[in-house]
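J.:
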Amino acid sequence: MPVRTTGHFTAADWEEHPLGAGATHPTLARAGVVNTFTGGIEAADTTCDYTIAYVSATTGTFAGMEVLRGSVDGRKGGFAVEERGSFDADGTVHCIFEVVPGSGTGELAGLRGTGGFTARHGEPSVAYTFDYDLG
13 MPVRTTGHFT AADWEEHPLG AGATHPTLAR AGVVNTFTGG IEAADTTCDY TIAYVSATTG
73 TFAGMEVLRG SVDGRKGGFA VEERGSFDAD GTVHCIFEVV PGSGTGELAG LRGTGGFTAR
133 HGEPSVAYTF DYDLG
């Protein structure tokens, strides 16, 4: 049966670059960000890369991959997650993520799980939930 853990993360070093030419929407961009997770997931300086589809200047969707190294509820190791989400004109970001099958290492070998968060643009810390099991 899955276990739920929670915590917060902070983002730093957001670097976004437009892809292709074009000033009209839709447009694409790529962004790299470094996150630090605390709580059930403890992971500093994660590696995260997003592809973003802007439908307008303030709305769109994104998909990304993130590698976390640290611990989950005290079990040490690493894993990767696939992230999918959207952002609204009011600055709200909705994201769900899923552990990449087979990516768990160390005491996190066999890790499976899903999670998510809702953030407001400019928040310094974002709450997340993560439901997982170690199969």
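As numbered in my numbering, residues 13 to 147 make up the sequence shown, in order. Glycine included, each C-beta is placed from N, C-alpha and C at the ideal position.
1) How many Å lie between PHE99 and HIS106 at the Cα?
2) Would you call the CB atoms of TYR66 and ALA43 closer than 8 Å?
3) So, helix, strand or coil for ASP120, using DSSP?
4) For the beta strand (DSSP E) that contains GLU110, what are its first and last residues?
5) Taking all protein chains shown into account, do 16 or more other C-beta atoms lie within 10 angstroms of the C-beta of VAL111, making it buried, or fewer, making it exposed?
6) Just to confirm, is the Cβ distance from ASP57 to MET77 under 8 Å?
7) Looking at C-alpha atoms only, which residue of PRO14, ARG16, ALA23, VAL15 is the closest neighbour of ARG132?
8) Rank PRO136, GLU119, GLU95 by C-alpha distance to the C-alpha of GLY147 and give the top, closest one.
9) Considering only C-alpha positions, which residue in the set PRO136, SER137, THR130, ARG124 is nearest to VAL15?
T.: In terms of the structure at hand:
1) One C-alpha to the other measures close to 6 Å.
2) In terms of Cβ geometry, TYR66 and ALA43 do not form a close pair [threshold 8 Å].
3) Here residue 120 turns out to be Leu, not Asp, going by the sequence shown. Note: LEU120 maps to helix in three-state DSSP.
4) 104 to 111 is the extent of the beta strand (DSSP E) around GLU110.
5) By the neighbour-count criterion, in which 16 or more other beta carbons inside 10 Å mark a residue as buried, VAL111 falls on the buried side.
6) Taking 8 Å as the Cβ cut-off, ASP57 and MET77 do not qualify as a contacting pair.
7) Across the set PRO14, ARG16, ALA23, VAL15, the C-alpha of ALA23 shows the shortest separation from the C-alpha of ARG132.
8) Out of PRO136, GLU119, GLU95, GLU119 has the C-alpha closest to the C-alpha of GLY147.
9) Answer by Cα proximity: ARG124.
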